[in-house]
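A.B. asks: Residue numbers (our numbering): 10 to 333.
Ideal Cβ placement from N, Cα and C applies to all residues, glycine included.
Sharing a structure, written as structure tokens. Questions coming.
Printed below as a string of structure tokens:
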């Protein structure tokens with residue numbers, strides 16, 4: 010709480026700094042003032058930009074401002090953990106995109122270069138750090154929390170491109186992540202209810218005891234890792250394509266490396282559930298409502314991949330509004 014409050018305070022202080030220098034809280038007005046006086050204001054507004062970006066980065070759990078996410082996910086019930094793994098990221102991503110692309114558009118000069126450079130570094134660090142730290146986890150909630158952190162890095166790639174294509178891809182990837190995360194935590198809730206533990210080894214052999222949970226969980230995990238033909242793969246493909254179009258090949262390569270590491274994280278879970286011998290025998294009872302939720306989630310993951318072009322066309326209209 011204190012960590013999050015401190016970073017929220019830094020963001021508010023940075024926003025007040027923007028107001029003091031530009032005389033407005035309207036994002037379009039701030040952009041207009043900065044276009045006229047960008048050279049003279051840059052030395053004083055750069056610290057404010059850093060403070061605002063630090064606060065917004067914490068909201069999406071981007072490294073190195075991610076420490077709250079694993080602790081919250083581990084220390085709360087799975088439904089609450091699922092909520093915190095998705096909702097703050099969606100809200101933070103919306104705020105980050107709106108503030109940076111409206112108040113500091115790419116035509117504003119060196120300040121746009123400044124925030125894009127900072128965001129590139131955050132995206133690269135987040136994609137790698139989230140997945141690497143996930144590899145070491147033995148608690149499934151902490152493992153999923155770190156994988157969620159890595160997902161934030163992929164979303165930031167779309168913002169860094171500062172293009173309608175990149176933002177559209179990020180919105181699609183965000184929707185795919187939400188679906189995949191919902192299904193993953195739904196399965197974890199059911200499995201943990203029977204095992205009484207969130208330790209990874211307690212899920213050994215669950216594909217035999219609860220196949221109606223294990224197989225949907227597999228689909229959701231593969232989508233989180235960006236494996237075809239899931240929605241997660243489509244989102245990742247469009248994100249990296251948008252980055253390459255903007256000359257950010259190195260960032261796309263980092264993203265691919267992060268995806269390979271995330272596949273290793275997913276394999277860690279799959280190996281326990283599908284290969285390790287079960288610790289106890291007997292089939293588990295799965296509530297019908299939960300089975301329906303998992304079925305809808307899996308259907309949504311595949312449907313989003315199959316009808317990706319139609320969904321991207323809808324999302325592009327929203328993204329285009331940011332660019333006028």
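1) For residue 329, does the count of other Cβ atoms within 10 angstroms reach 16, so buried, or fall short, so exposed?
2) Tell me which same chain residues have a C-beta within less than 6 Å of the C-beta of residue 332, skipping the five on either side of it?
3) Where does residue 219 fall in DSSP's three states?
4) From residue 136 to residue 164, what does the alpha carbon distance come to, in whole angstroms?
5) Compute the beta-carbon to beta-carbon distance between residue 199 and residue 299, rounded to the nearest angstrom, for a pair I have assumed lies under 8 Å.
6) Quick test of your reading: residue 167 and residue 248, contact by CB under 8 Å. State the CB separation rounded to the nearest angstrom.
7) Identify which residue in 90, 74, 73 has its Cα closest to the Cα of residue 81.
8) Tell me which residue opens and which closes the alpha helix (DSSP H) that residue 292 is part of.
9) Spatial neighbours of residue 151 within its chain, please: C-beta separation below 6 Å, excluding the five flanking residues on both sides.
10) Could you say which of 68, 292, 142 lies nearest to residue 218 if we only look at CA atoms?
11) Any beta-carbon of chain C closer than 8 Å to the one on residue 44?
12) Count the other C-beta atoms from every protein chain shown that fall within 10 angstroms of the C-beta of residue 206, then say buried if there are 16 or more, exposed otherwise.
13) Please determine, among 14, 189, 226, the residue with the shortest C-alpha to C-alpha distance to residue 92.
14) Which same chain residues, not among the five before or five after residue 346, have their C-beta less than 7 Å away from its C-beta?
15) Could you tell me which residues DSSP pairs with residue 208 in its beta bridges?
16) Does residue 35 come out as helix, strand or coil in the three-state DSSP assignment?
17) Tell me the DSSP secondary structure of residue 73 in three-state form.
18) Relative to the alpha-carbon of residue 221, which residue among 85, 32, 210, 192 has its alpha-carbon at the smallest distance?
19) DSSP on residue 157, reduced to helix/strand/coil?
20) Kindly provide the ranges of any alpha helix (DSSP H) runs that are 4 or more residues long and lie completely inside the stretch 243 to 324, ordered along the chain.
21) By the DSSP assignment, the alpha helix (DSSP H) with residue 97 in it spans what residues?
22) Please check the pair residue 27 and residue 66, which I expect to be a contact at CB under 8 Å, by giving their CB distance rounded to whole angstroms.
23) Judging by CA-CA distance, which residue of 215, 104, 242 is the nearest neighbour of residue 69?
24) Check residue 126 in the structure and name its three-state DSSP category.
25) Candidates 184, 233, 288: which alpha carbon is nearest residue 323's?
26) Would you check if the distance between the CB atom of residue 237 and the CB atom of residue 306 is smaller than 8 Å?
27) Please go through the same chain and pick out, in chain order, the residues whose beta-carbon is closer than 7 Å to the beta-carbon of residue 12, but skip the five residues on each side of it.
28) With a 10 Å radius around its C-beta and 16 neighbouring C-beta atoms as the bar for buried, classify residue 162 as buried or exposed.
29) Given a cut-off of 8 Å, decide if residue 214 and residue 285 are closer than it, judged by their beta-carbon atoms.
30) For residue 238, does the three-state DSSP call read helix, strand or coil?
31) Kindly list the residues whose CB is nearer than 8 Å to the CB of residue 33, restricted to its own chain and excluding five residues on each side of it in sequence; keep chain order.
32) Return yes when the Cβ of residue 245 is within less than 8 Å of the Cβ of residue 211, no when it is not.
33) Apart from the five residues on each side of it in sequence, which residues of its chain come closer than 8 Å, Cβ to Cβ, to residue 360?
34) What's the call for residue 140, buried or exposed, on a 16-neighbour Cβ count within 10 Å?
C.D. replies: Per the coordinate set shown:
1) So residue 329 counts as exposed.
2) Result list for residue 332: 173, in chain order.
3) In the structure shown, residue 219 sits in coil (DSSP, three-state: anything other than H, G, I, E or B).
4) Going from the Cα of residue 136 to the Cα of residue 164 covers about 10 Å.
5) Contact holds; Cβ gap of about 5 Å.
6) Sure, about 5 Å apart at Cβ, within 8 Å.
7) Looking only at 90, 74, 73, the smallest Cα-Cα distance to residue 81 is reached by 90.
8) Judged by DSSP secondary structure, residue 292 falls outside any alpha helix (DSSP H); it is assigned neither H nor E.
9) A distance below 6 Å between beta-carbons, with the five flanking residues on each side excluded, links residue 151 to the following residues of its chain, in chain order: 79, 83.
10) Taking only the C-alpha atoms, the option nearest residue 218 is 292.
11) The chain labelled as chain C is not found in the depicted structure, where only one protein chain is given.
12) Burial call: exposed.
13) Residue 189 is the option with its Cα nearest to residue 92.
14) There is no way to answer for residue 346, as the model of the chain reaches only from 10 to 333.
15) Answer by DSSP bridge pairing, in chain order: 148.
16) Correct three-state label for residue 35: coil.
17) Residue 73: coil per DSSP, three-state reduction.
18) Residue 192 is the option with its Cα nearest to residue 221.
19) Residue state, collapsed to three classes: helix.
20) Here the runs fully enclosed are 258 to 279, 297 to 315.
21) Secondary structure note for residue 97: its alpha helix (DSSP H) is the uninterrupted segment 87 to 112.
22) 17 Å between Cβ atoms; not a contact.
23) Measuring from the Cα of residue 69, the nearest candidate turns out to be 104.
24) Per DSSP, reduced to three states, the secondary structure at residue 126 is helical.
25) Per the C-alpha coordinates, the member of 184, 233, 288 positioned closest to residue 323 is 184.
26) No, Cβ-Cβ distance for residue 237 and residue 306 is not below 8 Å.
27) For residue 12, where only same-chain residues beyond five positions count, the Cβ hits under 7 Å are 76, 77.
28) Of the other Cβ atoms in all chains shown, 16 or more fall within 10 Å of the Cβ of residue 162; this residue is therefore buried.
29) Between residue 285 and residue 214, the C-beta gap is smaller than 8 Å, which places the two residues in contact.
30) Residue state, collapsed to three classes: coil.
31) 39, 42, listed in sequence order.
32) Taking 8 Å as the Cβ cut-off, residue 211 and residue 245 do not qualify as a contacting pair.
33) Past the boundaries of the shown model lies residue 360; the chain is included only from 10 to 333, so the question cannot be answered.
34) Residue 140 counts as buried, since at least 16 other C-beta atoms from the protein chains shown sit within 10 angstroms of its C-beta.
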